[in-house]
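The opening position of the sequence shown corresponds to residue 1 in the numbering used here, with each subsequent residue numbered one higher.
All C-beta atoms in this analysis are idealised placements derived from N, C-alpha and C, irrespective of residue type, glycine included.
Down below is the structure, laid out as structure tokens.
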Amino acid sequence: MAVEHPPAMPAGDQTRIHDIGYRGYDGPRLGRSYARRSLYSQSLRGAYGLGRSVKSKVLPMLLFAVMCIPAAIMVAVAVATKAHELPVPYTRYAIIMQAVISLYVASQAPQAVSRDLRFKTVPLYFSRPIETADYVRAKFAALASALFVLTAAPLLVMYVGALLSKMGFAHQTEEFAQGLVSVALLSLLFAGIGLVIAAVTPRRGFGIAAVIAVMTISYGAVSTLQAIAYTQDSNSAVPWIGLFSPITLIDGVQSAFLGGSSAFPGGIGPSGGEGALYVVAALGLIAACYGLLIRRYQKVGL
1 MAVEHPPAMP
11 AGDQTRIHDI
21 GYRGYDGPRL
31 GRSYARRSLY
41 SQSLRGAYGL
51 GRSVKSKVLP
61 MLLFAVMCIP
71 AAIMVAVAVA
81 TKAHELPVPY
91 TRYAIIMQAV
101 ISLYVASQAP
111 QAVSRDLRFK
121 TVPLYFSRPI
131 ETADYVRAKF
141 AALASALFVL
151 TAAPLLVMYV
161 GALLSKMGFA
171 HQTEEFAQGL
181 VSVALLSLLF
191 AGIGLVIAAV
201 TPRRGFGIAA
211 VIAVMTISYG
221 AVSTLQAIAY
231 TQDSNSAVPW
241 IGLFSPITLI
251 DGVQSAFLGG
261 SSAFPGGIGP
271 SGGEGALYVV
281 AALGLIAACY
291 GLLIRRYQKV
301 GL
């Protein structure tokens, strides 16, 4: 039985180049800095659902309103009663509203990073003129900025209301500045912790649950241990226990250096030396979160 062979290719190079209508890019190459800024702005907008569906805007905008409404009510009361001080100091407001802040972090940190992990788009970022550190910095800065907007907006409402009530300008400005420093540190710390936890899993639901668990359990455990130490007359242990929860860490920093009153049992805040340790611990934790994110995305980007 004869075996048929395919016809022999004619001699010579048969390569053909077909013009299918694509036009080459001949504009400027904007480089890493532009890509980093674009990723930052896109992530910041996404933290409030801007540029996304209406459904994505509901929760962040609702939480933003929940943060600002109590401040507006306090201002209205202060104006109506012609009070000389706001009911709640600037440095205390974020501590009181910690549950709302934690919920915001839990909802937006996974949104910032988990989708890229789930759909395996991270290597596509690194195929462009952007490196691991650029990606991490953009995401970290975006979530921290979104948190700062969330926590600083009610302070601004309180400050404007205080000035309208003709409270002391110098005094209110000083306390407002202290409050801004406090929420800036809180924003960096909470953003770092939230992103590290969310970057562990590509499942957004798991990330949300994990962030809520870490924030809630750590604060509950620390508060319980502080209360036990206080009732057992171990007052010196109260500030040391506060080092092991993000929100109590911020509370200790602002009560030691930013003129805030401590929410610890009995109002026992850290002393000067202990307060310095709180600052070191907060900055060290932020740096550790950044390092862990760099390490994580060096593996993901392979």
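Phe140, buried or exposed, once every other Cβ within 10 Å from all chains shown has been counted against 16: buried
Do Pro246 and Ala256 count as a contact pair if the criterion is CB distance below 9 Å? No.
Kindly indicate the opening and closing residues of the alpha helix (DSSP H) around Arg45. 31 to 46
If the criterion is Cβ atoms closer than 9 Å, does the pair Tyr278 and Leu249 meet it? Yes, Cβ-Cβ distance for Tyr278 and Leu249 is below 9 Å.
Which runs of the alpha helix (DSSP H), 4 residues or longer, sit entirely within the segment 186 to 274? 204 to 231, 237 to 241, 246 to 257
I need the boundaries of the alpha helix (DSSP H) containing Met158, first residue and last residue. 132 to 164
Excluding five sequence neighbours on each side, which residues of the same chain lie with their C-beta closer than 7 Å to the C-beta of Leu185? Excluding the 5 residues flanking it on each side, Leu185 has same chain C-beta neighbours closer than 7 Å at Ile250, Val253, Ala282, in chain order.
Look at the alpha carbon of Tyr34 and the alpha carbon of His84, and state the distance between them as a whole number of angstroms. Their Cα atoms are separated by approximately 48 Å.
In three-state DSSP terms, what is Phe126? Of the three classes helix, strand and coil, the one that applies to Phe126 here is helix, per DSSP.
Would Ala142 and Ala237 be called neighbours here (beta carbons separated by less than 9 Å)? no
To which residues of the same chain is Val356 closer than 7 Å at the C-beta, ignoring the five residues directly before and after it? Any question about residue 356 goes unanswered here, given that the chain covers just 1 to 302.
If you drop the 5 nearest sequence neighbours on each side, which residues of the same chain put their C-beta closer than 7 Å to that of Leu180? Ala152, Leu155
On the DSSP letters alone, give me the boundaries of the alpha helix (DSSP H) that Lys55 sits inside. 54 to 81
From Ser145, Ser165, Ala210, pick the residue whose C-alpha is nearest to that of Leu189; which is it? Ser145
How is Phe119 classed by DSSP in three states: helix, strand or coil? coil
Closest by CA to Cys36, which one among Glu274, Ala133, Ala229, Met167? As written in the sequence, residue 36 is Arg, which differs from the Cys given in the question. Checked all of Glu274, Ala133, Ala229, Met167; the closest Cα to Arg36 is Ala133.
Ile73 versus Tyr93: straight-line alpha-carbon distance, rounded: 13 Å
Val100 - DSSP class collapsed to helix/strand/coil: helix
Same chain, Cβ closer than 6 Å to Ser102, five either side skipped, listed in chain order: Met215
Can the beta-carbon of Ser56 be found less than 9 Å from the beta-carbon of Gln111? yes
Give me, in chain order, the residues of the same chain whose beta-carbon lies closer than 6 Å to that of Val79; leave out the 5 immediate sequence neighbours on both sides. Ser165
Three-state secondary structure assigned by DSSP to Val113: helix
State the DSSP-derived secondary structure class of Val280, mapped to helix, strand or coil. helix
Report yes if the CB atom of Tyr219 is closer than 9 Å to the CB atom of Arg137, and no otherwise. no
Sub-9 Å separation of Ala263 and Ile95 beta-carbons: yes
Pull up the CB-CB distance for Gly207 and Ala109, whole angstroms please, since I reckon it's below 8 Å. The pair is a contact, with the Cβ atoms about 7 Å apart (cut-off 8 Å).
Using only alpha-carbon positions, find the residue among Gly168, Gly266, Ala213 that is nearest to Ser234. Selected option, being the one with the closest Cα: Gly266.
Report the rounded CA-to-CA distance for Ile212 versus Ile193, giving the unit in angstroms. 11 Å
Once you ignore the five residues that flank Arg118 on each side, which residues in its own chain have a CB closer than 8 Å to its CB? Pro202, Arg203, Arg204
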